[in-house]
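Trainee: Residue numbers (this note's numbering): 111 to 286.
Using N, Cα and C, we set each Cβ at its ideal position, and we do this for glycine too.
Remember, it's a predicted structure, so these values are computed and weren't measured experimentally.
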């Protein structure tokens with residue numbers, strides 16, 4: 111019978127990361143490690159390649175708006191060792207940018223694009239960073255906490271989808 115995946119202890123993992131990539135760890139909270147953005151790709155490569163950690167599977171990458179800053183959260187697993195770990199990196203709220211980890215985990219490609227599209231987090235070095243859920247020209251990023259305060263009041267955005275022409279179907283645009 112398979113056993114449950116075990117989270118790696120944050121303090122132990124932070125020690126290993128610090129030995130491999132000095133000055134990378136900013137904070138350890140329980141099983142979560144906060145990494146400096148400048149060292150993110152080095153830490154990601156280390157976690158991926160180290161045989162004892164073997165974090166070759168990116169379960170999820172998500173962005174979080176914390177009002178004053180953004181966080182990007184990486185949930186990683188080792189299928190060989192049946193353990194998991196969580197990394198976080200913070201980005202400035204006014205100019206959110208962190209390095210892309212697509213070169214380490216190809217599965218980050220669409221997940222970084224989603225965080226860019228919905229939160230506006232830039233991933234430097236991403237091979238094709240463009241919107242994937244909303245159209246080019248959509249004003250703002252709808253998962254930001256300040257989205258509803260954009261110019262245009264409580265319903266920012268376009269009155270209709272791009273290239274939608276009410277005259278083609280013989281009616282006015284109606285919101286109901």
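Out of curiosity, what's the CA-to-CA distance linking residue 128 and residue 226?
Mentor: Each residue's Cα considered, the two are about 29 Å apart.
Trainee: Could you give the residue range of the alpha helix (DSSP H) that holds residue 155?
Mentor: Element bounds for residue 155: 150–159.
Trainee: So, residue 192 versus residue 113, is the Cβ gap smaller than 8 Å?
Mentor: The answer is yes: Cβ separation under 8 Å.
Trainee: Starting from the Cα of residue 179, find the closest Cα among 190, 171, 200 and give me that residue.
Mentor: Checking every option, the nearest Cα to that of residue 179 belongs to 200.
Trainee: Could you give the first and the last residue of the continuous alpha helix (DSSP H) run that contains residue 122?
Mentor: Note, residue 122: alpha helix (DSSP H), 120–130.
Trainee: Would you tell me roughly how many angstroms separate the C-alpha atoms of residue 246 and residue 240, rounded to the nearest one?
Mentor: Taking the straight line from one Cα to the other gives about 8 Å.
Trainee: Residue 171 and residue 222 - do their beta-carbons sit closer together than 8 Å?
Mentor: Yes; because the gap between Cβ atoms is below 8 Å, this pair is in contact.
Trainee: When you compare the CB positions of residue 141 and residue 173, do they come within less than 8 Å of one another, or not?
Mentor: Contact: no.
Trainee: Over what stretch of residues does the beta strand (DSSP E) that includes residue 170 continue unbroken?
Mentor: Its beta strand (DSSP E) spans residues 167–175.
Trainee: Relative to the C-alpha of residue 184, which residue among 254, 139, 253, 154 is closest?
Mentor: The residue with the shortest Cα to Cα distance from residue 184 is 154.
Trainee: Using CA atoms only, rank isn't needed, just tell me which of 130, 146, 139, 175 is closest to residue 230.
Mentor: Nearest of 130, 146, 139, 175 to residue 230, Cα basis: 175.
Trainee: For the beta strand (DSSP E) containing residue 224, name the first residue and the last one.
Mentor: Where residue 224 is concerned, there is no enclosing beta strand (DSSP E), although the alpha helix (DSSP H) it sits in stretches over 218–229.
Trainee: What did DSSP end up calling residue 248 once you bin it into helix, strand or coil?
Mentor: Note: residue 248 maps to coil in three-state DSSP.
Trainee: Beta carbon of residue 131, beta carbon of residue 156: below 8 Å?
Mentor: Result yes, Cβ atoms of residue 131 and residue 156 sit closer than 8 Å.
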